[in-house]
Every structure is written in structure tokens, then in C-alpha cells.
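Right, one structure below, let's go through it.
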Amino acid sequence: MDFSFFVEVLAGGLLAGVMYSLVALGFVLIYKASGVFNFAQGAMVFFAALTFVSLVERGMNAWLALAVTLAAMVVLGMTIERVVLRPLVNQPPITLFMATIGLTFVLEGLSQLAWGSQPHNLELGVPDVPMEWLSQQWNINISQFDLFAALVAGVLVGVLAVFFQKTRIGRALRAVADDHQAALAVGIPLQHIWTIVWGVAGFVALVAGLMWGARNGVQYSLTFVALKALPVLLIGGFESIPGAILGGLIIGATEKLAEVYLGPMVGGGIESWFAYVVALLFLLVRPEGMFGEKHIDRV
Amino acid sequence: MLYREAGQFKSTYAEDQQIFPIRQDRIAMVVVLLFAFVVVPLIGDQYWLSAIITPFLILALATLGLNILTGYAGQLSLGTAAFMAVGAFMAYNAELRIPGMPIVGSFIIGGLCAAAVGFVFGLPSLRIKGFYLAVATLACQFFVLWAINRVGWFSNHSSSGVITAQKIEILGYAVVTPAAKYLLTLAIVAVMALAAKNLMRSETGRAFMAVRDMDVAASVIGIPMMQTKLLAFAISSFYCGVAGALYAFCYLGTVEPEAFTLDLSFRILFMVIIGGVGSILGSFLGAAFITLFPIFLDRGSEWLSRALDVEIQSATVSNVELMIFGGLIIFFLIVEPNGLARLWQIAKEKLRLWPFPH
Amino acid sequence: MILSVENVSLSFGGVKALQDVSFDVEAHEVRAIIGPNGAGKSSMLNVINGVYRPQHGKILFKEKAFKEMDSRQAARMGIARTFQNIALFKGMTVLDNIMTGRNLKMRCGFLQQALWIGPAKREELEHRRAAEEIIDFLEIQHIRRTPVGRLPYGLQKRVELGRALAAEPELLLLDEPMAGMNLEEKQDMCRFILHVNDHYGTTLVLIEHDMGVVMDISHRVVVLDYGRKIADGVPAEIRSNQKVIDAYLGVAH
Chain G
136 MDFSFFVEVL AGGLLAGVMY SLVALGFVLI YKASGVFNFA QGAMVFFAAL
186 TFVSLVERGM NAWLALAVTL AAMVVLGMTI ERVVLRPLVN QPPITLFMAT
236 IGLTFVLEGL SQLAWGSQPH NLELGVPDVP MEWLSQQWNI NISQFDLFAA
286 LVAGVLVGVL AVFFQKTRIG RALRAVADDH QAALAVGIPL QHIWTIVWGV
336 AGFVALVAGL MWGARNGVQY SLTFVALKAL PVLLIGGFES IPGAILGGLI
386 IGATEKLAEV YLGPMVGGGI ESWFAYVVAL LFLLVRPEGM FGEKHIDRV
Chain E
2 MLYREAGQFK STYAEDQQIF PIRQDRIAMV VVLLFAFVVV PLIGDQYWLS
52 AIITPFLILA LATLGLNILT GYAGQLSLGT AAFMAVGAFM AYNAELRIPG
102 MPIVGSFIIG GLCAAAVGFV FGLPSLRIKG FYLAVATLAC QFFVLWAINR
152 VGWFSNHSSS GVITAQKIEI LGYAVVTPAA KYLLTLAIVA VMALAAKNLM
202 RSETGRAFMA VRDMDVAASV IGIPMMQTKL LAFAISSFYC GVAGALYAFC
252 YLGTVEPEAF TLDLSFRILF MVIIGGVGSI LGSFLGAAFI TLFPIFLDRG
302 SEWLSRALDV EIQSATVSNV ELMIFGGLII FFLIVEPNGL ARLWQIAKEK
352 LRLWPFPH
Chain B
11 MILSVENVSL SFGGVKALQD VSFDVEAHEV RAIIGPNGAG KSSMLNVING
61 VYRPQHGKIL FKEKAFKEMD SRQAARMGIA RTFQNIALFK GMTVLDNIMT
111 GRNLKMRCGF LQQALWIGPA KREELEHRRA AEEIIDFLEI QHIRRTPVGR
161 LPYGLQKRVE LGRALAAEPE LLLLDEPMAG MNLEEKQDMC RFILHVNDHY
211 GTTLVLIEHD MGVVMDISHR VVVLDYGRKI ADGVPAEIRS NQKVIDAYLG
261 VAH
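The following block contains the structure:
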């Protein structure tokens with residue numbers, strides 16, 4: 136077995152995993168802070184990317200477009216909180232989940248209604264070519280873009296982790312995630328908190344959208360990127376930021392390795408389900424994911 | 002006035018436990034069945050029968066299956082379309098490879114194979130709950146579709162993976178016209194709906210609901226967790242499998258694996274939500290709503306474009322449709338989380354008093 | 011002697027819920043378990059019933075010894091119980107909840123049920139009759155078709171008792187059956203409990219905080235405090251036992 140090829144595949148997988156983690160982070164944020172499993176995260180990624188790219192194509196300066204898109208995401212978050220979450224306070228989690236599925240459709244329709252449905256290209260200035268000294272020194276090809284994405288993800292995770300653990304708002308967010316009513320009872324302003332959370336999740340969606348859009352182009356299939364993040368969540372647990380990263384790395388690596396080494400044996404195309412099966416097997420051993428909180432059923 | 006229960010006394014438990022305890026309901030049901038079996042095939046036009054009513058019935062059956070699993074037994078599943086696919090392709094293979102197999106037999110085989118797949122993918126439910134389980138069922142959805150695509154045997158080694166459902170012949174009588182296919186579908190769906198109703202009002206249904214509501218307590222009073230959950234998966238998948246077989250034989254004709262994507266699974270989940278979780282009637286109402294809704298939107302947009310004399314692009318229509326659809330789901334969840342079935346119940350209760358206010 | 015608990019110890023991580031508790035229960039008696047909050051009473055019932063597995067000790071039920079019991083096994087052997095925080099199936103009606111209590115007596119498979127003919131129908135109606143007897147006994151006919159989630163707390167507790175009785179148990183474990191009830195409701199509940207004990211001969215183990223009730227209806231009492239047994243005897247002895255008085259008044263020890 137060609138070792139440098141293996142390292143290449145592994146590294147590619149790990150870095151792809153980081154990309155998955157970026158999306159998973161959005162899920163974790165919202166779940167951690169409002170107990171809602173936001174199926175619409177993929178649609179939010181799509182919406183953010185499409186808005187940014189459409190603004191830039193219409194001639195807006197990239198940084199301005201970034202700011203405008205961010206503002207749009209925050210407004211979106213506020214609207215969602217007002218229209219969807221507030222009326223559904225205290226409903227069982229499954230109802231909220233279904234509502235986010237409905238939200239997905241609304242966002243998908245809205246994005247395409249507003250900006251049209253042709254695919255777009257997105258340039259971030261970092262080319263998708265192998266790092267030169269790596270490929271020259273060790274004959275290993277690892278894309279510069281992938282490394283850039285990993286760096287961005289790392290910074291984002293660091294900031295978010297600090298935010299949750301150290302700040303007062305972070306604590307309030309965790310309280311809200313645990314029990315809406317109790318949080319209300321101690322005076323935590325639920326609506327503000329949710330607006331903040333969805334706004335931050337929107338920001339994460341924007342970052343993820345930019346990364347994914349640059350890599351695969353901004354088109355409708357971007358919404359399905361969320362589906363790839365789900366096995367990551369299964370492994371890392373729905374409530375853990377480090378879990379999202381680790382889960383992403385595991386999924387990315389195993390998926391790439393399976394695709395390259397196992398795939399040809401069974402006719403290829405196993406990427407569509409392999410990640411899920413890995414997550415499933417993992418869950419059988421640890422039903423709440425690696426870092427998920429154990430649920431003790433008290434009777 | 003009309004819908005009074007006064008004077009209808011139940012003197013045995015058997016009478017009390019009927020599916021339709023109120024006489025007016027029984028009469029209404031008979032009328033509906035007569036209409037469906039006799040009147041509709043005579044007056045129904047080809048297009049409506051083959052493109053709207055028959056698929057509505059088929060999807061109602063699939064919704065029934067999912068309702069059994071998610072509505073009654075509380076196990077959220079996103080793999081419904083995969084079970085339908087198994088049913089469709091295995092029914093096709095049964096027709097193909099077993100000489101002299103009656104069509105209903107092939108459907109049953111399709112259903113049983115789907116039940117087996119459901120059983121296997123239901124095993125994780127013993128350890129995993131809630132959303133984790135839902136995501137795990139996605140594994141089923143993706144894997145099954147991949148397997149059907151890759152393993153040539155399923156599609157009789159056709160190069161594109163597409164199969165063409167065989168002509169149906171029952172007792173020498175060819176079932177080819179839309180009306181005939183409609184009747185076959187109606188008969189099968191009616192029988193299976195009755196069976197489902199019977200099942201849910203007896204011990205099996207209660208065990209499912211107990212597991213849904215509080216599985217620890219259910220276990221304490223003696224309900225076997227493993228058997229109950231797996232039975233729910235198996236029965237639900239059987240229903241979806243038969244629905245899939247009907248989908249192939251009585252509706253699509255030519256079937257490719259791509260007809261059974263995640264999109265379809267979600268559509269059926271919406272039928273469950275909008276129709277009413279844990280309700281047999283709700284399954285039909287939800288299926289009707291979601292089948293008819295796009296049609297209304299299309300007609301509505303046509304009318305609007307004619308009225309305003311403006312060209313409305315089809316892309317716009319489908320995007321707006323998507324948005325309204327999503328909006329409706331959210332609306333339903335806010336206003337009546339128990340779906341159309343509950344609205345129907347409320348209407349009936351009001352009807353009992355009508356024309357008096359209270 | 012129908013039940014004997016021997017040297018049972020149970021801990022959750024660092025928390026010792028039960029330490030070396032032993033006592034027995036005679037057939038057909040009403041045995042009360044009392045003690046201050048956190049003494050481990052509910053945990054004791056959970057151990058008997060198989061919901062928790064003790065780290066040490068064993069349980070003898072009907073002459074057979076068990077290191078650990080599975081809750082389903084316990085149900086099959088004739089142990090039924092009610093819970094402190096009601097464990098009813100909120101989505102089902104009162105009648106359905108009570109009918110689930112009869113699940114162990116139902117034999118027909120799902121295929122027969124789907125067809126609703128012959129054996130399945132007969133069985134369903136027969137068990138309906140049994141459930142109706144319990145509904146009559148507990149005086150809850152007027153709410154039999156109400157979804158349990160909509161009932162007030164006192165009625166829910168009564169329905170839970172009904173579900174436990176539906177299983178025709180030999181041993182009935184009641185966890186604070188009268189919590190949150192007013193005087194009248196408590197009297198009704200006592201009446202039901204005593205009738206069950208007299209009429210059907212069911213052995214009862216009950217956790218209760220109301221001392222009046224405990225002294226009145228129980229034959230013998232076990233007192234737990236901080237997971238240990240501190241007294242065991244007839245009500246008259248317990249009432250005057252200094253250790254018990256200290257435990258309830260909170261004397262430091």
C-alpha cells in the first residue's frame with residue numbers, strides 16, 4: 136500500500152470532515168441553546184451563500200456583501216424566533232423539529248424566489264491546489280483550500296467554545312436549552328436569547344455557506360450538505376461543540392477511506408450511506424454519542 | 002339535529018367497542034364506500050382516476066404505515082420511501098420469477114420483504130431513541146436505495162436500474178384501465194385500513210401507544226419492549242411495502258429507484274403530521290390534503306395569471322408552492338398539532354349540538 | 011412469607027441510596043415503608059420491582075431468590091406497582107390505560123387482532139369486562155373515555171391504582187398513593203386499598219407520609235433513614251420508638 140497516498144486520502148478525509156463540522160456546529164448551537172433540532176440549518180447555509188454570492192455578482196464589495204448577508208441572517212433569526220418558535224414554546228421537541236422541516240421548505244423557496252435558481256461560482260481567493268512544499272517534499276497532495284477551511288473552522292470553534300463557557304450569555308443559553316419554563320422563571324429573557332442564538336447560528340451558517348459554496352459552487356444541492364452533518368451529530372452528540380469537530384473528523388476520515396479502499400469492491404457510490412452506517416454502529420455502542428449527555432429515565 | 006346520539010344505547014361491550022358506535026357514522030361510512038366502489042369508477046374521468054385518486058389512495062396507505070410506527074408507537078422514521086422501494090422491487094421480482102404467482106401474492110411478498118428490512122433497521126430502536134433514531138433511519142433510506150441501484154438482481158439486470166411493472170391479471174381478467182386499477186387499489190387499501198384499525202384498538206395498539214408515551218412504565222407493567230418496537234417496525238414497513246408495490250403496479254408503471262427518494266419520505270411524514278398523528282382517519286385526510294394541494298396551487302396560479310394578465314413562470318410557482326407548503330406545516334403545528342383528524346373531531350362534536358349552540 | 015429483602019445495597023455513583031437493608035413481608039399483610047425524604051423508600055420499591063439493580067443483596071419472592079430482577083419478569087411473577095410521579099400513558103384514555111394492565115393475560119397474536127374475529131374479539135371483550143369491574147370498584151365510570159392527561163392529579167392516581175389492579179397482582183407496591191389528596195380523597199383511597207387487601211388477599215407494600223393513614227391501615231411498618239433500616243415492627247411500637255422520632259424531628263446523628 137502506497138503510504139503517501141494513504142496519508143493523502145486520510146488528510147483529505149479529515150479536512151472534508153472539518154467542512155462537515157462547520158455545518159454541524161450550527162445544529163449544535165441551536166440545540167444547545169434552545170433544545171430545537173434545526174433541520175433548516177442546511178437551508179440557512181444555502182440562503183446565506185446565495186445571498187452573498189448574488190450581492191457580489193451584482194457588483195457589491197465583498198466585505199460589504201458579507202456584512203449585509205450577516206445582517207440578513209440576523210433578521211432571519213429574529214423572524215424565525217417571532218413567527219415559529221414563540222408560538223411553539225413548550226411543545227414537545229418533535230413538534231419543533233417538524234416545524235424546522237417546514238422552515239426548510241420556506242427558506243428554500245424564498246432563496247430561489249429572491250435570487251433565482253442558477254448555480255453560481257464563489258471565489259474566496261484561496262485556490263484549490265495542493266500545497267507546494269508538501270507535495271514536493273513528501274509527495275503528498277493536500278489542498279490549500281481545505282487547510283484554509285480547517286483553519287477557519289478551528290478559529291470559529293475556539294470563539295464559540297469560549298462564548299459558551301465563559302460568558303454570562305453563554306450560561307443563559309445553556310439554561311434555556313435545559314428547560315424553557317425554568318429559564319423564564321429565573322428571569323432569563325427567552326426571546327432575546329433565542330434571537331441571539333439563531334443570529335449566531337446564522338453567522339455560522341454563513342461561514343459554512345462560504346466554505347462549501349467556494350468548494351462546490353452555490354446551487355440548490357447545497358441544502359443537502361446538512362444531511363451530511365447529521366451523522367457527525369450522531370457521533371459527537373447533539374450538545375457538544377468539541378463533539379461536532381471530533382465527529383466530523385471521524386466521519387470525514389472513515390468516509391473517504393471507505394470510498395477509496397472499500398468502494399471499488401462493492402461497485403462504488405458508498406458515500407451516500409457509509410457515514411450513516413458508521414454513525415449507527417457508533418450509536419449502538421454509545422446511544423448518546425461521544426459527548427452527548429446521558430439520559431436517566433426516572434420513574 | 003341529524004347527528005344525535007340520543008336513543009342509541011349500547012347494551013353489550015361489543016356494541017360499545019365498534020369502530021363506528023354512532024349509527025349516523027355507520028350509515029355515512031356505507032355511503033362513502035358505496036360511492037367509492039360503485040359511483041367513482043363510473044363517473045371518474047381517466048386523468049383524475051389515474052393521476053390523482055389512485056396515487057392518493059396509495060400514499061394514504063403509506064401514510065397509514067408510517068402513522069403506525071411514528072404516530073402510534075412513537076418511533077420517528079425517515080426511511081418510509083425506502084420501504085416502499087423494497088416493496089415495489091420485490092413485488093416485481095416475485096411476479097417475474099415465480100411462475101403463476103397471483104398479483105396479490107406478489108404484493109404480499111413485497112410487503113413481507115419490506116417488513117424484513119424494517120425489522121432489521123428497527124433493531125437500533127432498542128438502544129437509540131428520538132432524533133438519534135430518526136437520523137439512523139436515514140441510514141436505511143440511503144443504503145436501501147444504493148443497494149437497489151447497485152445490485153442488478155433487483156432490476157433484473159436492466160442497465161438503467163429501471164423496471165417496468167408487469168400487467169396485472171386477476172382470475173383471467175386484465176386490470177389495465179385506470180378504473181380497474183383504481184378499484185384494485187381501493188380494495189386493497191380498504192382491507193388494510195380495516196386491519197390497521199382493528200390492530201390499533203386492540204392490545205397491539207395499546208402496547209404501541211404505551212411504548213410511545215412512557216416506555217419505562219410500559220416495561221414495568223409487562224409490555225415487552227423489544228417485541229413491541231420490532232413489531233411496530235415490521236407492520237409499518239409491511240404497509241409501506243404494499244404501498245410501494247401498488248405505486249409501481251397501479252400508478253407509475255415504469256419505476257426507477259429515484260422515485261423513492263428522501264423527498265418522498267418527507268412528503269409522507271408531512272401527511273402524517275398534517276393529517277393527525279396516531280389516527281387512521283388522519284392518514285387519509287393528510288394524504289388527501291397533500292395530494293390535492295399542489296393541484297389547487299397550480300389552478301390558482303393559472304387563474305391568477307389570467308386574471309392579472311401576467312405571465313407567472315413555473316419556477317416562481319414551484320418556489321411559492323414550496324414556501325406555502327412549509328408555511329402551512331408550521332401553521333398546522335402551531336394551531337392544531339393534532340392535525341386534520343382533530344379538526345374533524347371538533348367539527349363532529351359541534352355537529353352533534355347543531356343547530357343548538359350548546 | 012411472600013417477599014424477603016436481604017442485605018440490599020444500592021448506590022448511584024457516589025450516592026448510597028440503600029445500605030444493607032433487610033426486611034420481610036408476610037403474605038396478605040399491609041406493610042408500610044416510612045421515613046424522611048431521601049431515605050431511599052422509592053429506591054427500595056424500585057429494587058423489589060426490578061427497575062433498579064442493587065449492587066449487593068438479594069430478593070426472595072415466593073421462595074425463589076433473585077440477585078436481580080428484570081421489571082418485566084417481576085410483572086410476570088405477579089408484582090404490580092404505582093409510582094410517585096404518575097407513570098400513566100398520557101395519550102390514552104382511562105379505559106385504555108387500565109386495559110394495558112391486562113396485557114400479560116392476553117394471548118392472541120397480532121394477526122388475530124387485525125382480523126378481529128373469534129378468539130381476539132372474545133379476549134378483548136372478556137378483558138374489557140374485567141377492566142370495567144375495576145372501574146366500577148374505583149368509581150371512575152364517568153371518566154372512562156377521557157384522555158388521562160386531562161384528569162386532575164387525584165383521579166390520575168386512582169387510575170394508576172386501577173391499572174396496577176388490572177394485572178391481578180399477588181404483591182402490590184404503592185408509592186405514595188395518597189400524595190396531594192385531600193381528606194375525602196384519602197378516605198376513598200384507604201377504602202380501596204383495604205378492600206383490595208381484604209377481598210382479594212393482595213399483599214401490599216406501601217410508602218406513605220401521612221402517619222395517621224400508616225398507623226391505621228398497616229399491619230407492620232419498616233422505617234428507613236439515610237438508606238438504612240432503623241426500625242421494624244407493628245405501628246404501636248414504631249410510634250413510640252425513639253430512633254424513629256429522632257429521624258423525623260431531624261436530630262443530628
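Chains as they are written, first to last, in this note's numbering: chain G, 136 to 434; chain E, 2 to 359; chain B, 11 to 263.
Don't be surprised by glycine CBs; every beta carbon is placed ideally from N, CA and C.
Here the structure is a predicted model, which means the values were calculated and not measured.
{"Asked": "CB of I281/E within 8 Å of CB of K198/E, strictly", "Found": "yes"}
{"Asked": "Beta-carbon proximity check, L265/E vs A82/E, cutoff 8 Å", "Found": "yes"}
{"Asked": "Inter-residue Cα distance where the pair is V278/E and T292/E", "Found": "18 Å"}
{"Asked": "Spatial distance of F290/E from F187/G (CA atoms)", "Found": "36 Å"}
{"Asked": "Under the three-state DSSP convention, the category R193/G falls into", "Found": "coil"}
{"Asked": "Where G67/B sits in the DSSP three-state scheme", "Found": "strand"}
{"Asked": "Host alpha helix (DSSP H) of T280/B (start-end)", "Found": "The structure shown does not extend to residue 280/B, since chain B is modelled only from 11 to 263, so the question has no answer here."}
{"Asked": "Sheet register partners of H255/G (DSSP bridge)", "Found": "V353/G"}
{"Asked": "L139/E beta carbon less than 8 Å from that of Y411/G", "Found": "yes"}
{"Asked": "Where the alpha helix (DSSP H) containing K1/E begins and where it ends", "Found": "Lying before the first or after the last residue shown, residue 1/E is absent from chain E, which here runs from 2 to 359."}
{"Asked": "Contacting positions in the stretch 190–223 of chain E - beta carbon closer than 8 Å to chain B", "Found": "A196, A197, N199, L200, S203, E204, T205, R207, A208, M210, A211, R213, D214, M215, V217, A218, A219, S220, V221, I222, G223"}
{"Asked": "Any C-beta of chain E under 8 Å from that of S139/G", "Found": "no"}
{"Asked": "Alpha-carbon to alpha-carbon, P265/G and Y355/G", "Found": "28 Å"}
{"Asked": "Minimum Cβ-Cβ distance from R128/E to chain G less than 8 Å", "Found": "yes"}
{"Asked": "C-beta contact flag for F174/G and T235/G at 8 Å", "Found": "yes"}
{"Asked": "Cross-chain neighbours of T262/E in chain G, by beta carbon under 9 Å", "Found": "The contacting residues do not exist; T262/E stays about 11 Å from chain G at best."}
{"Asked": "Residues of its chain near R91/B, where Cβ-Cβ distance is below 8 Å and the 5 sequence neighbours each way are ignored", "Found": "L55, N59, A174, L182, L183, L184, D185"}
{"Asked": "Cut-off 7 Å between Cβ atoms - residues of its own chain near A343/G, not counting five sequence neighbours on either side", "Found": "L157, V158, G161, V180"}
{"Asked": "Beta carbon proximity, L204/B to chain E, threshold 8 Å", "Found": "no"}
{"Asked": "Contact with chain G by R151/E, beta-carbon distance below 8 Å", "Found": "yes"}
{"Asked": "Cβ-Cβ separation, W347/G to A184/G (assumed contact under 8 Å), whole Å", "Found": "7 Å"}
{"Asked": "Distance between T317/E and L62/E (C-alpha atoms, nearest Å)", "Found": "32 Å"}
{"Asked": "Residue closest to R41/B, alpha-carbon to alpha-carbon, out of M199/B, H205/B, I217/B", "Found": "I217/B"}
{"Asked": "Under 8 Å by beta carbon: chain E residues contacting Y355/G", "Found": "Here the premise fails: no neighbours, minimum Cβ distance about 11 Å."}
{"Asked": "Closer than 9 Å at the beta carbon, the chain G residues around L77/E", "Found": "I229, F232"}
{"Asked": "Nearest candidate by alpha-carbon position, reference S139/G, set L257/G, V290/G, I277/G", "Found": "I277/G"}
{"Asked": "Pairwise C-alpha distance: Q228/E and I222/E", "Found": "15 Å"}
{"Asked": "CB contact check: I385/G to chain E, cutoff 8 Å", "Found": "no"}
{"Asked": "Beta carbon proximity, P42/E to chain B, threshold 8 Å", "Found": "no"}
{"Asked": "Rounded Cβ spacing between S81/B and S160/E (contact assumed at less than 8 Å)", "Found": "Contact doesn't hold; Cβ gap of about 55 Å is too wide."}
{"Asked": "Among F122/E, P179/E, G119/E, M102/E, the one whose alpha carbon lies nearest that of Q47/E", "Found": "P179/E"}
{"Asked": "Bounding residues of the alpha helix (DSSP H) (the contiguous stretch that carries N17/B)", "Found": "Looking at the DSSP string, N17/B is not in any alpha helix (DSSP H); the run it does join, the beta strand (DSSP E), is 13–22."}
{"Asked": "Those residues which DSSP pairs with P399/G across a bridge", "Found": "P399/G is not bridged to any residue."}
{"Asked": "Distance CB(I69/E)-CB(S237/E) smaller than 8 Å", "Found": "yes"}
{"Asked": "Neighbour-count burial assignment, R112/B, 16 or more Cβ in a 10 Å radius", "Found": "buried"}
{"Asked": "F144/E beta carbon near the ligand SAM (any heavy atom closer than 7 Å)", "Found": "With respect to the ligand SAM, the structure shown offers nothing to examine, as it has no ligands at all."}
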